[in-house]
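Going by numbering that gives the first Met the number 0, the sequence shown opens with residue 0, and the numbers climb by one from there.
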Amino acid sequence: MERTVTVEPEAGLHARPASKLVQTANRFDADVSIGRADDGDDGLVRADSMLSVSGLNVEHGESVRVVADGPDAEAALDAVCDLLTSPVEEADEAGTDGGDAEDAP
Numbered sequence: 000m001e002r003t004v005t006v007e008p009e010a011g012l013h014a015r016p017a018s019k020l021v022q023t024a025n026r027f028d029a030d031v032s033i034g035r036a037d038d039g040d041d042g043l044v045r046a047d048s049m050l051s052v053s054g055l056n057v058e059h060g061e062s063v064r065v066v067a068d069g070p071d072a073e074a075a076l077d078a079v080c081d082l083l084t085s086p087v088e089e090a091d092e093a094g095t096d097g098g099d100a101e102d103a104p
């Protein structure tokens, strides 16, 4: 099964968003692949590999195709696509919330 979605995280699939995607893909008993929507099957990479996912250099607003196969394919596809279509706050990702300096130890 497969879906095409638009990448919403501002950072695209770099650093933390890519890491979260890989962690999510690894939670399921399914083979999950991802690639740019217009690259066809030759552009698909394993979604359980940080190097492969970040190597796609997918930016915010680009369309990607997610393909899953296996016993948990539908659940894996749902989870990965939910992650890709949810914007990620950069401040939250950096571990800062813009709080006052008074809050610092």
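We put the CB at the ideal spot given by N, CA and C, even for glycine. Owing to the predicted nature of the structure, the values given are computational and were not obtained by experimental measurement.
**Asked** Rounded C-beta distance between A75 and A29? I'm assuming under 8 Å.
**Response** 4 Å
**Prompt:** Can D68 be considered in contact with the ligand FAD, in the sense that its beta carbon sits closer than 7 Å to one or more heavy atoms?
**Reply:** Absence of the ligand FAD is noted for the structure shown, with no ligands found whatsoever.
**Prompt:** In terms of residues, what are the limits of the beta strand (DSSP E) holding D30?
**Reply:** 30-35
**Request:** Could you tell me whether the region 29-49 touches the region 58-68, where touching means 3 or more Cβ pairs closer than 8 Å?
**Result:** Enough Cβ pairs lie closer than 8 Å, so yes.
**Request:** Could you check which residue in V79, L50, A78, G60 has the C-alpha nearest to that of A120?
**Result:** Nothing about residue 120 can be read from this structure; the chain reaches only from 0 to 104.
**Prompt:** Can the beta-carbon of S85 be found less than 8 Å from the beta-carbon of E7?
**Reply:** yes
**Message:** Going by C-alpha to C-alpha distance, which of P70, L55, L82, C80 sits closest to F27?
**Reply:** P70
**Per DSSP, cross-strand counterpart(s) of A72** = Answer by DSSP bridge pairing: none, since A72 is not bridged.
**Request:** Kindly provide the ranges of any alpha helix (DSSP H) runs that are 4 or more residues long and lie completely inside the region 44-72, ordered along the chain.
**Result:** As far as the region 44-72 is concerned, its whole alpha helix (DSSP H) runs of at least 4 residues are 49-54.
**Message:** Tell me the DSSP secondary structure of V79 in three-state form.
**Reply:** It is helical.
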